[in-house]
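Trainee: Under this note's numbering, the first residue of the sequence shown is numbered 6, with each subsequent residue one higher. Using N, Cα and C, we set each Cβ at its ideal position, and we do this for glycine too. Being a predicted model, the structure only gives us computed values, none of them experimental. Take a look at the following structure, please.
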Amino acid sequence: MTQRSRRFRRTAIAVLGVSSLVLAACGGDDDEPADEPAEAEEPTEEPAEEPAEEPAEEPAEDAVEEPAEEPTEEPAEGETVQIALVAPSAINDLAFTQSMYDSLERVAETRDISIDVSDGLFVVEDAGAAIRGYAEDGYDLVIAHGTQFGGPLAEIAPDFPEVSFMWGTSADTQGLDNVFAYTVRSDEGGYVNGMLAAQITESGTIGVVGPIDAGDAALYVDGFEAGAAAQDPAVTVNVNWIESFSDVALAAEAATSHISNGADVLTGTAQMVVGATGVAQQEGVPWFGTQSNQTPLGEDIVVASQVYHWEVVLEPILDQIAAGTLGGEVYTLTLENGGLVIEFNDAFGLDEAILAAAEETIAALTSGELTTGL
Numbered sequence: 006m007t008q009r010s011r012r013f014r015r016t017a018i019a020v021l022g023v024s025s026l027v028l029a030a031c032g033g034d035d036d037e038p039a040d041e042p043a044e045a046e047e048p049t050e051e052p053a054e055e056p057a058e059e060p061a062e063e064p065a066e067d068a069v070e071e072p073a074e075e076p077t078e079e080p081a082e083g084e085t086v087q088i089a090l091v092a093p094s095a096i097n098d099l100a101f102t103q104s105m106y107d108s109l110e111r112v113a114e115t116r117d118i119s120i121d122v123s124d125g126l127f128v129v130e131d132a133g134a135a136i137r138g139y140a141e142d143g144y145d146l147v148i149a150h151g152t153q154f155g156g157p158l159a160e161i162a163p164d165f166p167e168v169s170f171m172w173g174t175s176a177d178t179q180g181l182d183n184v185f186a187y188t189v190r191s192d193e194g195g196y197v198n199g200m201l202a203a204q205i206t207e208s209g210t211i212g213v214v215g216p217i218d219a220g221d222a223a224l225y226v227d228g229f230e231a232g233a234a235a236q237d238p239a240v241t242v243n244v245n246w247i248e249s250f251s252d253v254a255l256a257a258e259a260a261t262s263h264i265s266n267g268a269d270v271l272t273g274t275a276q277m278v279v280g281a282t283g284v285a286q287q288e289g290v291p292w293f294g295t296q297s298n299q300t301p302l303g304e305d306i307v308v309a310s311q312v313y314h315w316e317v318v319l320e321p322i323l324d325q326i327a328a329g330t331l332g333g334e335v336y337t338l339t340l341e342n343g344g345l346v347i348e349f350n351d352a353f354g355l356d357e358a359i360l361a362a363a364e365e366t367i368a369a370l371t372s373g374e375l376t377t378g379l
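Dropping the structure here:
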C-alpha cells in the first residue's frame with residue numbers, strides 16, 4: 006500500500022485476516038511525479054505551415070489558439086482510460102473501500118481501463134495531495150472515495166477542468182462541471198437488515214456501531230432502525246456513534262458495551278467494523294453487514310450483507326466522459342437499479358420463513374410498493 010501505486014497490480018491482492026485489515030489502514034508518502042508534457046506538441050506544428058505569410062501575426066495567433074481549442078481531449082476510442090482511486094482505508098477492508106475497488110475490477114472485465122490506487126489515506130490532507138497528484142498526471146478519472154474528501158476536492162477540481170472527478174458518498178457536485186457525485190440509498194438494505202434483526206433477537210435489544218453520523222453510514226443506520234421498528238415496535242435499537250471511520254479499537258469497545266447492555270444482535274458500518282465483528286465472533290453474537298460482503302469476518306455470525314455495486318454508476322459515468330461530459334451529475338445506487346444487493350450467508354442457517362419474508366421485503370422495496378419512509 007503506497008501513496009502512489011503506479012499501475013497497481015490487481016492480481017497481487019490477497020485476502021488478509023482481521024489483523025492485517027487493521028494494519029492496512031496506514032498512509033504513504035506524498036511524492037508528486039512531474040507533469041506530463043503532452044500538451045507541448047500542438048503549438049509546434051502550426052507556425053511551420055505558413056512561415057512566409059503574415060510573420061508578425063500568424064505565429065502568435067496560432068500559438069495561443071491551438072492549445073486553447075483542445076487542451077486535453079476525452080480518451081479516444083480504443084485508448085486505455087486511466088482511473089485513480091483515492092480511498093480512506095485498505096482495498097481489502099471488507100467495507101467501504103473494497104466496495105469501490107471490487108466494482109472497478111468488475112468494470113475492468115469489459116472495458117479497457119487502468120486502475121491506480123492510493124488507499125489507507127484516512128488523513129484528509131494526504132488524500133488531497135494524492136487527488137491533486139493524479140490530476141497533475143493527467144488521469145482521465147480521479148475518484149475521491151470518501152465524504153470527508155469534499156473539502157480538498159472543491160479546491161482541486163477547478164484547477165483541472167480537463168480532468169473528471171467522482172466524489173462520494175454525496176449528492177452534491179459542489180456546482181463543478183467536472184465532478185460527478187455518487188451516493189447510495191443505504192437505508193434500503195438497512196431496512197432489510199433491521200427487519201431481519203428484529204426477528205432473530207431474543208433479548209429484544211440490538212446494538213449498532215456507527216462511525217460518524219453522516220453520508221451513507223447515517224442513512225444505513227436510519228434505515229436499520231426503521232426496519233426493526235416496522236417488524237417489531239417493542240425492539241430496542243441502541244446506536245453508538247464512535248466519531249471515527251477507522252478506529253478499530255473504539256469499534257470493539259462499542260460492541261462490547263452493547264453486549265454488556267443486553268444486545269444479542271449487532272450491526273455497523275464503515276471500515277472500523279472489523280473491531281466490532283471480532284467481538285461479535287468471540288461472543289457468538291449475530292452480525293449484519295453493509296457496503297461489502299462481510300461473511301469472511303465470521304461465517305458463523307454474519308447473517309446477511311448489503312453489498313454496494315458501484316459499477317452501476319461507474320459504467321454510465323465512463324460513457325459520459327467518453328462523450329465529452331466530465332461531471333455535473335449525481336448518480337445513486339438502489340435496490341431497483343441493481344446497485345444494492347442483499348447477500349445472505351448460507352452458512353449461518355437463517356430460518357427459511359424469515360428468509361422468505363426478507364425476500365418479500367426486498368421485492369417490495371425494489372418495486373416501490375414499500376418504502377423506508379426516509
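Starting from the C-beta of Arg11, find all residues in its chain whose C-beta is less than 7 Å away, skip the five residues before and the five after it, and write them out in chain order.
Mentor: Because the pLDDT of Arg11 is 36, which lies under 50, any placement of that residue in the model is unreliable, and the number read from its coordinates should be weighed accordingly. Closer than 7 Å at the Cβ level, and outside the excluded window around Arg11, lie Asp121.
Trainee: What residue range does the alpha helix (DSSP H) around Phe229 cover?
Mentor: In the DSSP assignment, Phe229 falls within the unbroken alpha helix (DSSP H) covering Gly220 to Gln236.
Trainee: Tell me whether the region 365-379 and the region 182-202 touch, counting them as touching only if at least three CB pairs, one residue from each stretch, are closer than 8 Å.
Mentor: In short, these stretches touch, since the Cβ pair count reaches three.
Trainee: Straight-line CA distance for Ala239 to Gly209?
Mentor: Counting only the Cα atoms, Gly209 lies some 7 Å from Ala239.
Trainee: Give the single residue among Leu201, Ala368 and Ile136 whose Cα lies nearest to the Cα of Ala231.
Mentor: Leu201
Trainee: Taking C-alpha atoms, which residue in Thr371, Ala254 and Ile148 lies nearest to Glu316?
Mentor: Ile148
Trainee: Measuring CA to CA, which of Thr282, Ala235, Ser251 and Glu258 is closest to Asn245?
Mentor: Sorting Thr282, Ala235, Ser251 and Glu258 by C-alpha distance to the C-alpha of Asn245 places Glu258 at the top.
Trainee: Across the region 90-110 and the region 282-300, are there enough close Cβ pairs to call them in contact, namely three or more that are closer than 8 Å?
Mentor: yes
Trainee: For Asp124, does the count of other Cβ atoms within 10 angstroms reach 16, so buried, or fall short, so exposed?
Mentor: buried
Trainee: Jot down the residue ranges of each uninterrupted alpha helix (DSSP H) in the region 329-354, minimum 4 residues, whole runs only, in chain order.
Mentor: none
Trainee: Tell me, to the nearest whole angstrom, how far the beta carbon of Leu146 is from that of Ala92; I am working on the premise that it is less than 8 Å.
Mentor: Going by Cβ atoms, the distance from Leu146 to Ala92 rounds to 14 Å, so no, they are not a contact pair.
Trainee: My output table needs one value for Gln87: the three-state DSSP class, helix, strand or coil.
Mentor: strand
Trainee: With C-beta atoms as the reference, is Ser191 less than 7 Å away from Asp221?
Mentor: yes
Trainee: May I ask which residues mark the beginning and end of the beta strand (DSSP E) holding Leu271?
Mentor: Val270 to Gly273
Trainee: Cα separation between Val242 and Leu271?
Mentor: 9 Å
Trainee: Leaving out five residues before and five after Gly303 in sequence, what residues of the same chain have Cβ atoms less than 6 Å from its Cβ?
Mentor: Thr282 and Gln286
Trainee: Just reading off the beta strand (DSSP E) that Phe293 is part of, what are its end residues?
Mentor: Trp292 to Gln296
Trainee: Assuming Ser94 and Gln276 form a contact by the criterion Cβ under 8 Å, report the distance between their Cβ atoms to the nearest whole angstrom.
Mentor: 4 Å
Trainee: Rounded to whole angstroms, what's the CA-CA distance from Thr206 to Tyr336? Just pull it up for me.
Mentor: 35 Å
Trainee: Between Ile211, Ala100 and Gly133, which has its C-alpha nearest Ala234's C-alpha?
Mentor: Ranked by how close their Cα comes to the Cα of Ala234, the residues Ile211, Ala100 and Gly133 have Ile211 in first place.
Trainee: Give me, in chain order, the residues of the same chain whose beta-carbon lies closer than 6 Å to that of Glu384; leave out the 5 immediate sequence neighbours on both sides.
Mentor: Residue 384 falls outside the range modelled here, since the chain spans only 6 to 379, and no answer is possible.
Trainee: Please state the DSSP three-state secondary structure of Gly215.
Mentor: strand
Trainee: In whole angstroms, what separates the C-alpha of Ile118 from that of Ser169?
Mentor: 15 Å
Trainee: Who are the Cβ neighbours of Gln204 in its own chain at under 7 Å, not counting the five residues just before and after it?
Mentor: Gln236 and Ile359
Trainee: Skipping 5 residues on each side, what residues in its chain have a beta carbon closer than 6 Å to that of Leu109?
Mentor: So the qualifying residues of the chain are Ile120.
Trainee: Is Ile118 helix, strand or coil when you go by DSSP?
Mentor: strand
Trainee: Helix, strand or coil for Val307, going by three-state DSSP, please let me know.
Mentor: strand
Trainee: Please state the DSSP three-state secondary structure of Val372.
Mentor: What sits at residue 372 in the sequence shown is Ser, not Val. If DSSP states are grouped into helix, strand and coil, Ser372 belongs with the helices.
Trainee: Report the rounded CA-to-CA distance for Glu84 versus Gly289, giving the unit in angstroms.
Mentor: Approximately 51 Å, taken between the alpha carbons.
Trainee: Name the residue from Thr261, Gly151, Gly354 and Gly180 whose alpha carbon lies nearest to the alpha carbon of Gly173.
Mentor: Considering only alpha carbons, the answer is Gly151.
Trainee: Could you tell me the distance, in whole angstroms, from the CA atom of Val278 to the CA atom of Asp252?
Mentor: 9 Å
Trainee: Measuring straight from C-alpha to C-alpha, what distance separates Phe154 and Ala368?
Mentor: 34 Å
Trainee: Measuring CB to CB, does Val284 end up less than 7 Å from Thr261?
Mentor: Cβ distance < 7 Å, so Val284 and Thr261 count as in contact.
Trainee: Counting contacts by CB-CB distance shorter than 7 Å, is Glu288 in contact with chain C?
Mentor: Included in the structure is just one protein chain, with no chain C present.
Trainee: Quick check on this structure: which residue in Val184, Ile247, Val307 and Val346 has the alpha carbon closest to the alpha carbon of Gly332?
Mentor: Val184
Trainee: With distances taken Cα to Cα, identify the nearest neighbour of Ile88 among Leu99, Phe229 and Glu320.
Mentor: Distance check between Ile88 and each of Leu99, Phe229 and Glu320 places Glu320 closest, using alpha-carbon atoms only.
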